[in-house]
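Numbered continuously in this note's numbering, the sequence shown closes out at residue 114.
Just so it is clear, CB atoms sit at the ideal spot from N, CA and C, and this is done for glycine as well.
A short write-up of the structure that comes next.
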Amino acid sequence: MARNYINDGTIVETVAPSGGAVSGRVLVQGQLAGVALSNAASGANVAIRTLGTFTFPKASGASTSIAAGGNVYWDAAGNAVTNSATSNTRIGVALAAAANADTSVVTRFNGNF
């Protein structure tokens, strides 16, 4: 194995942003997104999972449906998955369709594009 290999990148450590990190919630830093594996205060180290299958809260209302296999984006302001790329971070694809009224969506998370 290469001497410079650290790990497969599925779980990485980063610094919790202003406001801290909440276990199970998406954390975005630049182009890196992950699911926090624990609570952490602002500025503290926190492990995040950058790959896996998760159920996330979904934006609801008109024009918020997501097709199975469709790209999903994290809306940090709303703390929810959305189908809109505008001002949001791509985090993966929906594994099942989600209707406008649905409040969650099963997502194949890939936070390290």
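DSSP beta-bridge partners of GLN30: Indexing the sequence shown from 1 puts residue 30 at position 29. Looking at the DSSP assignment, GLN30 forms a beta bridge with LEU33.
Under the three-state reduction of DSSP, which class applies to ASN46: helix, strand or coil? Residue numbering aside, residue 46 sits at position 45 when the sequence shown is read from its first letter. Three-state result, ASN46: strand.
Which word fits TYR74, buried or exposed, when buried means at least 16 other C-beta atoms lie within 10 angstroms of its C-beta? Your numbering for residue 74 matches position 73 in the sequence shown. Result: buried.
May I have the straight-line CA-CA distance separating THR54 from ALA60, to the nearest angstrom? By 1-based counting over the sequence shown, the position of residue 54 is 53. By 1-based counting over the sequence shown, the position of residue 60 is 59. Distance between the alpha carbons of THR54 and ALA60: 18 Å.
What's the C-alpha gap between VAL16 and VAL29? As a first step, residue 16 is located in the sequence shown; it is residue number 15 there, counting from the start. As a first step, residue 29 is located in the sequence shown; it is residue number 28 there, counting from the start. Counting only the Cα atoms, VAL29 lies some 11 Å from VAL16.
According to DSSP, simplified to helix, strand and coil, what is ASN111? Residue 111 sits at position 110 when you count from the first residue of the sequence shown. Of the three classes helix, strand and coil, the one that applies to ASN111 here is strand, per DSSP.
Three-state secondary structure assigned by DSSP to TYR74: Within the sequence shown, residue 74 is the residue found at index 73, counting from 1. Three-state DSSP puts TYR74 in a strand.
For THR104 versus PRO58, is the C-beta distance shorter than 9 Å? As a position in the sequence shown, residue 104 is number 103, starting the count at 1. As a position in the sequence shown, residue 58 is number 57, starting the count at 1. Taking 9 Å as the Cβ cut-off, THR104 and PRO58 qualify as a contacting pair.
According to DSSP, is ALA95 helix, strand or coil? Sequence index remark: in the sequence shown, residue 95 carries index 94 (1-based). Strand.
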